[in-house]
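2 protein chains.
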Amino acid sequence: MSISPKAALLEEYALVARALSAPARLMLLEQIAQGERGVEALADKTGLTIANASQHLQALRRAGLVASRRDGKSVIYRLSDARTLALMDLIRVVAERNLAQVERILRGLSDGADAPESVTRDELAARLVEGSVTIFDVRPPDEFAMSHIPGARNVTLADLDRIAPTLAPGSEIVAYCRGPYCVYAYQAVTALRKRGLNARRLEGGLPEWREDGRQVTAL
Amino acid sequence: MSISPKAALLEEYALVARALSAPARLMLLEQIAQGERGVEALADKTGLTIANASQHLQALRRAGLVASRRDGKSVIYRLSDARTLALMDLIRVVAERNLAQVERILRGLSDGADAPESVTRDELAARLVEGSVTIFDVRPPDEFAMSHIPGARNVTLADLDRIAPTLAPGSEIVAYCRGPYCVYAYQAVTALRKRGLNARRLEGGLPEWREDGRQVTAL
DNA sequence: CTACTATTCAAATAGTCACTTGAGTGATAT
DNA sequence: ATATCACTCAAGTGACTATTTGAATAGTAG
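Quick note, the sequences are listed as chains W and C, same order. Mapping the first sequence onto our numbering, position 82 (from 1) lands on 858, and the numbers just tick up by one. Mapping the second sequence onto our numbering, position 186 (from 1) lands on 962, and the numbers just tick up by one.
Following this line, the structure appears as structure tokens:
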């Protein structure tokens with residue numbers, strides 16, 4: 777006698793959730809969302825050993841969250857579906873809504889202040905047309921190089937001290953980074969606001985911008 | 777030195793996903809979505825022991841997916857948020873899209889045929905006003921008693937053989953059950969269609985209908 | 001207070017998971 | 001063929017998870 781279809785279905789749904797239940801795999805997904813990549817690059821970016829990253833990637837593939845193809849010697853992983861991104865984001869929303877610990881961490885990133893409202897992608901797109909806003913891409917240069925929002929300037933957190941004084945005091949700045957789990961943009965906004973600049977975070981990051989069907993630039 | 781805020785955040789997101797990574801907890805969530813309940817009732821419905829159910833429920837609460845309150849001797853659990861329901865559903869969608877195994881199981885429920893398109897809740901609401909449709913609530917009687925779609929008739933799978941001959945051959949039937957993970961409605965639709973009746977599944981189940989802000993009836 | 005009910009906690013078990021190490025495989029270059 | 005590169009597989013370890021059992025706690029009724 778086989779197990780009930782109901783139990784089999786729940787087992788499959790649980791498999792999807794389990795794939796998202798390890799921080800290492802969430803990191804990998806965040807990286808893959810920046811653009812497809814090979815195992816070694818992903819392992820580097822996430823600080824995992826290659827064998828370990830490979831195994832996590834296979835777990836993600838079994839759960840249908842990523843897909844892979846062989847390209848010469850490399851195996852390139854990519855998100856299988858925009859829904860993977862939506863799922864990651866919904867988990868974030870649920871966690872932010874319901875877990876006090878998350879609120880505490882986010883508050884810490886803003887140095888105790890309430891984080892200012894984030895800028896929607898629609899709003900940023902409108903401002904871009906007007907040219908009334910400065911965009912900071914706060915990701916590492918190699919990720920910026922792969923693809924970024926047109927007109928964005930690549931600024932790492934370490935650069936901020938140097939760059940802040942060169943900015944007109946009233947100018948509006950929008951910072952973005954990797955996506956749902958990005959932390960850099962919070963930190964950049966906090967640092968800029970401490971200097972009296974009018975900085976805000978973009979809602980989501982580059983993957984969401986791209987997913988909206990908006991234009992991106994490669995260097 | 778404390779761990780990085782980034783790692784702490786990912787840990788929290790992983791906690792939410794981990795809560796959804798066990799079939800037992802998905803069953804509990806499905807039950808709680810029908811309406812708030814005590815531990816014993818939930819344990820009964822899911823076939824878990826009371827101590828085990830209690831521990832799973834606490835895991836769900838730690839992840840912020842459910843909330844609880846004490847009512848006399850009982851502790852009543854409820855969904856903390858409509859987003860919990862959205863999250864469960866998105867997991868189902870991702871699994872259905874990307875996992876061949878899930879498609880196979882669903883096909884099995886429809887006896888190898890493609891499942892007919894499901895009826896949207898909007899469509900059903902419109903038909904309800906016209907009175908041009910028969911609604912079957914395929915959940916167990918006690919869940920039907922707690923709350924159901926107005927005008928629905930409570931029909932268990934075992935009843936179908938008896939009831940099918942009494943239905944007018946052309947009449948449209950819409951079946952629904954618990955929600956995202958419901959299996960009964962598939963089976964009911966399959967059984968009715970085999971008899972030449974024009975049956976379809978409702979998209980989602982009672983919790984989604986209620987979440988839309990539509991009317992529900994208690995017996 | 002005592003008995004009782006509903007739930008939680010604690011400890012023990014078997015099972016699964018994450019990560020490391022080292023060997024194995026597939027594709028390309030020499 | 002041989003070597004190299006990029007990745008995967010297999011096996012082992014320590015840590016966590018699911019489940020059971022029995023004891024402990026919170027609330028109610030007598």
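For every residue, glycine included, the Cβ atom is placed at its ideal position computed from N, Cα and C.
- For R854 (chain W), there is no enclosing alpha helix (DSSP H); the residue is part of the beta strand (DSSP E) that begins and ends at 850-855.
- Here A934 (chain W) is exposed: its Cβ has fewer than 16 other Cβ atoms, across all protein chains shown, within 10 Å.
- Annotation: Cβ neighbours of D857 (chain C) in chain W (cutoff 8 Å, chain order): V870, R873, N874.
- For E906 (chain C), the number of other beta carbons within 10 angstroms of its own is below 16, and it is reported as exposed.
- The beta carbon of E987 (chain C) sits closer than 8 Å to those of A858, L861, all from its chain and outside the five residues before and after it, given in chain order.
- Taken atom to atom, the span from the alpha-carbon of G981 (chain C) to that of L855 (chain C) is near 15 Å.
- Boundaries of the beta strand (DSSP E) harbouring D913 (chain W): 910-913, taken from the DSSP string.
- In this structure A827 (chain C) is exposed. Its beta-carbon is surrounded by fewer than 16 other beta-carbon atoms within 10 angstroms.
- Here the C-alpha atom of R868 (chain C) lies approximately 14 Å from the C-alpha atom of L796 (chain W).
- Taking a Cβ-Cβ cut-off of 7 Å, G955 (chain C) has no neighbours in chain W, whose nearest Cβ is about 12 Å from it.
- Unbroken beta strand (DSSP E) runs of no fewer than 3 residues, entirely contained in the region 870-931 of chain W, are found at 910-913, following chain order.
- Counting the other Cβ atoms within 10 Å of the Cβ of T993 (chain W) gives fewer than 16, which makes it exposed.
- Taking a Cβ-Cβ threshold of 7 Å, the residues of chain C close to R794 (chain W) are S797, in chain order.
- Within the same chain, L904, Q991, V992, T993 come within 8 Å of P926 (chain W) by CB-CB distance, once the 5 residues on both sides are set aside.
- Scanning its chain for C-beta atoms nearer than 6 Å, with the 5 sequence neighbours on each side dropped, one finds around V909 (chain W) the residues R903, E948, V950, in chain order.
- For R977 (chain W) against A961 (chain W), the beta-carbon gap comes to about 5 Å, under 8 Å, which counts as contact.
- D865 (chain C) carries a helical assignment under DSSP once its states are collapsed to helix, strand and coil.
- Taking C-alpha positions only, V878 (chain C) is separated from S850 (chain W) by approximately 30 Å.
- Each residue's CA atom was taken as its position, placing Q810 (chain W) and Q831 (chain W) some 20 Å apart.
- Judged by their CB atoms, T822 (chain C) and L804 (chain C) are nearer to each other than the 7 Å cut-off.
- Residues of the region 874-896 of chain W with a C-beta atom less than 7 Å from some C-beta of chain C are N874, L875, Q877, V878, I881, G884, L885, listed in chain order.
- Against I867 (chain C), the close residues of chain W are Y789, V792, A793, L863, in the order they occur along the chain (beta-carbon pairs closer than 8 Å).
- Not flagged as an interface residue toward chain C: A827 (chain W), since no C-beta distance is shorter than 7 Å.
- Counting only the Cα atoms, R845 (chain C) lies some 11 Å from R837 (chain C).
- Residue burial annotation: E984 (chain W) is buried, with at least 16 other C-beta atoms found within 10 angstroms of its C-beta.
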